[in-house]
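Here is the structure we will look at.
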Amino acid sequence: MPGLTTRAEPGRAVWLQEDATGRRVPIGRFDPALPGPENRMRPLPEGFLSLGVPALARCAAAPGGWAAVDEVGYLETACPAYCAALLALLDARRLLAAVRRQELPLLQGLCRRPDVFLVDLDAPFGALGCVVMASGLGRRFGSNKLLADFGGEPLFTRALEATGGIFARRVVVTRHPEIAAHCARRGIRAVLHGEPERRDTIRLGLTGMDGLAGCLFCPADQPLLSRQTVAALALAAVNAPDRPWRAAWQGQGGAPVLFPARDFAALRSLRPGQGGSAVLRAGPAAPGQVEAGGPDELRDADRPEELDRLREKLSKNREI
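Here you go:
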């Protein structure tokens with residue numbers, strides 16, 4: 268895609284390069300007289316004017332719907348014409364940009380635009396919790412489906428893979444000692460209980476989640492759920508933290524569901540027979556939806572024949 272790239276030579280200069288042509292100009296010159304151990308580059312506005320501004324205009328006029336700018340930092344703020352061209356490009360097409368974390372009006376304004384989807388590379392998923400709900404009894408399945416073989420591992424471990432490395436805190440809530448023991452071997456916190464209802468699983472899972480921005484409730488019986496879909500839910504919640512988010516396929520909402528922290532009290536106070544859907548219906552904002560990678564991601568295995576079909580899907584995916 269068309270775009271611009273900055274390249275630094277420590278102790279010498281910073282260069283701006285137009286990706287389509289390879290042409291580059293200096294936009295910053297090292298100045299040992301500047302204070303501090305970092306950012307000792309003096310801006311060179313003439314570089315932005317000679318190449319940066321016209322290059323951004325060419326990006327806006329180029330075929331396709333995307334452009335890329337890597338990166339935007341304090342040097343750019345020294346040239347108002349370049350800043351204006353950057354904003355014009357953002358209005359003209361979708362822009363993939365790396366923005367430095369600095370207290371500067373241009374950079375903060377870019378990140379706060381309502382049409383911007385922001386990913387903080389230092390903490391991309393924010394401070395979220397995750398409850399893996401592994402308390403099902405498998406009555407329709409005829410046995411404990413969560414321990415059934417799926418690709419050489421117990422079925423419930425697929426939920427552990429899908430939710431790994433994303434959440435600040437994660438807990439598996441289960442009635443099954445075998446699952447709790449498996450989690451212990453992997454260093455994953457588990458709560459073993461004998462409570463009868465789904466609301467009990469929710470309440471127990473929220474123990475220790477205070478102080479977080481939200482919490483995902485992930486069923487343990489969706490073996491094809493992908494980590495990409497879970498990560499997309501977390502990123503959506505970081506960008507719009509005041510509403511619930513749920514996975515969907517073709518506009519039809521399903522699970523997992525990520526609730527904002529404001530719903531924790533209501534989730535802990537569910538009445539007998541209620542689940543998280545009661546909180547979704549009563550909430551002030553309709554849940555947002557994140558499209559899954561395919562319909563099979565949101566399918567559970569309530570019966571042996573359904574599990575067999577999902578095993579076939581797994582085998583085909585591995586062949587691809």
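Take 268 as the starting number for the sequence shown in our numbering and just add one per residue. Even glycine gets a Cβ: it sits at the ideal position worked out from N, Cα and C. A quick note: this is a predicted structure, and the numbers were derived from the prediction, not measured.
Taking 7 Å as the limit between beta carbons, can you name the residues of its chain near ALA541, skipping five residues before and five after?
Indexing the sequence shown from 1 puts residue 541 at position 274. Position check: residue 541 holds Gln in this sequence, whereas Ala was assumed. Excluding residues within five positions, the ones whose Cβ falls inside 7 Å are ARG466.
Report the start-end ranges of each alpha helix (DSSP H) in the region 453-505 that is 4 residues or longer and not cut off at the edges.
465-472
Three-state secondary structure (DSSP) of THR441
As a working mapping, residue 441 is identified with position 174 in the sequence shown. Three-state result, THR441: strand.
TRP516 and LEU565: beta carbons closer than 8 Å?
On the sequence shown, position 249 is the one that residue 516 refers to. On the sequence shown, position 298 is the one that residue 565 refers to. With a cutoff of 8 Å on beta-carbon distance, TRP516 and LEU565 are scored as near each other.
Could you give the DSSP three-state label for THR288: helix, strand or coil?
Here residue 288 refers to the residue found at position 21 of the sequence shown. Looking at THR288 - three-state DSSP - the assignment turns out to be coil, as it is neither helix nor strand.
Bridge partners for ARG296 per DSSP, in chain order?
Here residue 296 corresponds to residue number 29 of the sequence shown, with the count starting at 1. Its beta-bridge partners are ALA280 and ARG309.
Determine contact between the region 347-362 and the region 322-336, defined as no fewer than three beta-carbon pairs at a distance below 8 Å.
Result yes; three or more Cβ-Cβ pairs closer than 8 Å.
Within 10 Å of its beta-carbon, does PHE423 have 16 or more other beta-carbons around it, so buried, or fewer, so exposed?
Here residue 423 refers to the residue found at position 156 when the sequence shown is read from its first residue. Buried, by the Cβ-count rule.
Does DSSP put GLY555 in a helix, in a strand, or in coil?
As a first step, residue 555 must be located in the sequence shown, where it is residue number 288. GLY555 falls in the strand class under three-state DSSP.
Less than 8 Å between the beta carbons of LEU491 and ASP563, yes or no?
Position 224 of the sequence shown, counting from 1, holds the residue named residue 491. Position 296 of the sequence shown, counting from 1, holds the residue named residue 563. Going by C-beta atoms, LEU491 is nearer than 8 Å to ASP563.
Do the region 413-421 and the region 439-449 make contact, defined as three or more Cβ pairs closer than 8 Å?
yes
Under 7 Å Cβ to Cβ from GLU445, same chain only, skipping five residues before and after it: list those, please.
Within the sequence shown, the letter at position 178 stands for residue 445. Cβ within range, chain order: LEU414.
Exposure label - GLU579; buried when at least 16 CB within 10 Å
In the sequence shown, the residue the question calls residue 579 occupies position 312. The residue in question, GLU579, is exposed, as its Cβ has fewer than 16 Cβ neighbours within 10 Å.
Have a look at LEU354, LEU395 and GLY393 and flag the residue whose alpha-carbon is nearest the alpha-carbon of GLN375.
Start at 1 with the first residue of the sequence shown, and residue 375 comes out as number 108. Ranking LEU354, LEU395 and GLY393 by Cα distance to GLN375 puts LEU354 first.
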